[in-house]
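There are 2 protein chains.
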Amino acid sequence: MASAIDFYFDFSSPYGYFASTRIDELAAKYGRDVEWHPILLGVVFKTTGSAPLPQIPMKGEYSRRDFERSARFHAIDYQEPTAFPIPTQAAARAMLWVQSKAGDDRAIEFAKALFRAYFVENRNIGDPEVVAAVGTALGLDGAALSAGMNSTAVKDQLRAETDLAMAKGVFGSPFVIVDGEPFWGFDRFDQVEALLRDGRV
Amino acid sequence: MASAIDFYFDFSSPYGYFASTRIDELAAKYGRDVEWHPILLGVVFKTTGSAPLPQIPMKGEYSRRDFERSARFHAIDYQEPTAFPIPTQAAARAMLWVQSKAGDDRAIEFAKALFRAYFVENRNIGDPEVVAAVGTALGLDGAALSAGMNSTAVKDQLRAETDLAMAKGVFGSPFVIVDGEPFWGFDRFDQVEALLRDGRV
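As you go down the protein sequences, you meet chains G and H in turn.
According to the UniProt record's numbering, the first sequence is numbered sequentially starting from 1.
According to the UniProt record's numbering, the second sequence is numbered sequentially starting from 1.
The following block contains the structure:
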């Protein structure tokens, strides 16, 4: 099987959420697996000097409109969350913990449930208790999950994962790397597909 | 005929150039005219706190790659200019002057020639003499063009056009407004087309 696709995202990123609803299906169409990498965009922004879209003059108002319009255009369930953006340490750490304890498939299922809780059900996954509740609903051990996401090991891992992503050139969400080729944004999925299909773009 | 589409761009913007090769054809397909608006992104960036892509850490390297890849993907002639980005006052003022003297169609023909000179032929249109030469090749009066682009009236107009664009929410290049709906980026042309075709997106 050809190399897995690396998919980087922040749980507070609407475009990251949009990508999360399509990446597995797109990869599977071309016989690829996907490795899901939660990262902290806040850490990345310290390097690039950027900020969450809603906080940037002019871009902020446009972005909210574009989130809703792009969701409609791509037929993706979306409701603008009341709290936005939010800290995503808890969600990202929890996903890494699930991955280490229950494997990739469970972790991806959990990540999708977290995205859906936030961007469809308007639940604030910035709150560790909400993160644990989403896990519990999937049959995960909520108490173990809460302890796990607060462990030093998982905190260190998330920091290292984010640093590693930046070392690979990742600076936004979603960010996809296919066979060394980097793609920033859900709006590059047409080019991602061209590369998967033709071997070049 | 339905309202014209407003198309805003900076002459130093590769994505603006890509859009310039497609906007007229796209609009004509749905019976629309296009009003071309050169603006100065440098002025806009003072408000948004942004900077030219190549100057942003990490994004810069990616962007160069994305310019070339996106050009290939969309089958648009493109060669990365040696000087990039460049000041675009001369080009923008010259276009406004041509518009005032020779009308919209001539101004658009001139704008396309300027974009092509810069992004295909690697001529530095940041240089007013190159701008005049591009005009001369189209049969415009080079001396009058040089004088015109340095006139106070045209300088004032460009400042006012840029301010007006910002007042309408324009903060990037390309930026398209169709029936009040704003679209930022060449990668939103699929949504622009959906709006033109269906009356909503």
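Even glycine gets a Cβ: it sits at the ideal position worked out from N, Cα and C.
Remember, predicted model here, so these are calculated numbers, not experimental data.
**Message:** Can you find the residues in the same chain that come closer than 7 angstroms, C-beta to C-beta, to Asp24/H, ignoring five residues on each side of it along the sequence?
**Reply:** Along the second sequence, one-based indexing puts residue 24/H at 24. Cβ neighbours of Asp24/H beyond the five flanking positions: Val34.
**Asked** When we look at the beta-carbon of Arg93/H and count the other beta-carbons within 10 Å, is it buried (16 or more) or exposed?
**Response** As a first step, residue 93/H must be located in the second sequence, where it is residue number 93. Buried.
**Asked** Closer than 9 angstroms, CB to CB, is Gly16/G near chain H or not?
**Response** Working through the first sequence from its first residue, we reach residue 16/G at position 16. No, Gly16/G does not count as interfacial toward chain H.
**Request:** State the Cα-Cα distance for the pair Pro174/H and Gly185/H, rounded to the nearest angstrom.
**Result:** Translated into positions along the second sequence, residue 174/H becomes position 174. Translated into positions along the second sequence, residue 185/H becomes position 185. Near 5 angstroms, if we compare the C-alpha coordinates of Gly185/H and Pro174/H.
**Prompt:** Residues of chain G with CB under 8 angstroms from Tyr62/H, in chain order?
**Reply:** On the second sequence, position 62 is the one that residue 62/H refers to. Within 8 angstroms Cβ-Cβ: Gly169, Phe171, Pro182, Trp184.
**Prompt:** What three-state label does DSSP hand Phe183/H in the structure shown?
**Reply:** Locating residue 183/H in the second sequence gives position 183, counting from the first residue. In this structure, Phe183/H counts as strand in the three-state DSSP scheme.
**Message:** With DSSP as the reference, identify every bridge partner of Glu35/G, one or two as the case may be.
**Reply:** What you label residue 35/G is simply residue 35 of the first sequence in a count that begins at 1. Paired residue(s): Asp6/G.
**Message:** Contact criterion: CB-CB distance below 9 angstroms. Does Val178/G meet it with respect to chain H?
**Reply:** Working through the first sequence from its first residue, we reach residue 178/G at position 178. No, its Cβ sits nowhere closer than 9 angstroms to a Cβ of chain H.
**Message:** Applying the 10 Å Cβ sphere with the 16-neighbour rule, what's the burial state of Gln79/H?
**Reply:** Working through the second sequence from its first residue, we reach residue 79/H at position 79. The residue in question, Gln79/H, is exposed, as its Cβ has fewer than 16 Cβ neighbours within 10 Å.
**Request:** Look up Phe84/H in the DSSP assignment and say whether it is helix, strand or coil.
**Result:** Position 84 of the second sequence, counting from 1, holds the residue named residue 84/H. Phe84/H falls in the coil class under three-state DSSP.
**Item:** Pro38/G classed as buried or exposed, judged by whether at least 16 other C-beta atoms fall within 10 angstroms
**Value:** Indexing the first sequence from 1 puts residue 38/G at position 38. Pro38/G should be labelled buried.
**Item:** Trp97/H versus Gly172/H: straight-line alpha-carbon distance, rounded
**Value:** Taking the second sequence and counting its residues from 1, one reaches residue 97/H at position 97. Taking the second sequence and counting its residues from 1, one reaches residue 172/H at position 172. Between Trp97/H and Gly172/H, the C-alpha separation is close to 23 angstroms.
**Asked** Where does Ala107/G land, buried or exposed, given buried means 16+ other C-beta within 10 angstroms?
**Response** For the purposes of this step, residue 107/G is taken as the residue at position 107 of the first sequence. By the neighbour-count rule (16 or more Cβ atoms within 10 Å), Ala107/G is buried.
**Asked** Which bits of chain G does Ala194/H rub up against, with CB to CB less than 7 angstroms?
**Response** On the second sequence, residue 194/H is found 194 positions in, with the first residue counted as 1. Ordered by position in chain G, the residues that pass the 7 angstroms Cβ test against Ala194/H are Phe73.
**Request:** Taking Gly42/H and Met58/G to be in contact with their CB atoms under 8 angstroms, please state how far apart those CB atoms are, rounded to whole angstroms.
**Result:** Numbered from its first residue, the second sequence carries residue 42/H at position 42. Numbered from its first residue, the first sequence carries residue 58/G at position 58. Actually they do not touch by this definition, with Cβ atoms about 15 angstroms apart.
**Prompt:** Can you name the residues of chain B whose CB is closer than 8 angstroms to the CB of Gln191/H?
**Reply:** In summary, chain B is missing from the structure at hand, where the protein chains are G and H.
**Request:** Quick one: give me the first and last residue of the alpha helix (DSSP H) that Val134/H is part of.
**Result:** Translated into the one-based positions of the second sequence, residue 134/H becomes position 134. Looking at the DSSP string, the run of the alpha helix (DSSP H) that includes Val134/H is 128 to 137.
**Collapsed DSSP secondary structure at Val176/H in the structure displayed** = Here residue 176/H refers to the residue found at position 176 of the second sequence. The answer is strand: DSSP assigns Val176/H an E or B state.
**Item:** Within 9 angstroms, strictly: CB atoms of Pro81/H and Tyr118/H
**Value:** Here residue 81/H corresponds to residue number 81 of the second sequence, with the count starting at 1. Here residue 118/H corresponds to residue number 118 of the second sequence, with the count starting at 1. Closer than 9 angstroms, so yes.
**Asked** Which residues, in order along the segment 27 to 50 of chain H, keep a beta-carbon less than 9 angstroms from a beta-carbon of chain G?
**Response** Val44, Thr47, Thr48, Gly49, Ser50
**Asked** Is the CB-CB distance between Ala143/G and Ala133/G below 9 angstroms?
**Response** Here residue 143/G refers to the residue found at position 143 when the first sequence is read from its first residue. Here residue 133/G refers to the residue found at position 133 when the first sequence is read from its first residue. It is not a contact, given that the beta carbons lie outside the stated cut-off.
**Request:** Classify Ser20/H as buried or exposed, calling it buried when 16 or more other Cβ atoms lie within 10 Å of its own Cβ.
**Result:** Start at 1 with the first residue of the second sequence, and residue 20/H comes out as number 20. Classification of Ser20/H: buried, given that the 10 Å Cβ count is 16 or more.
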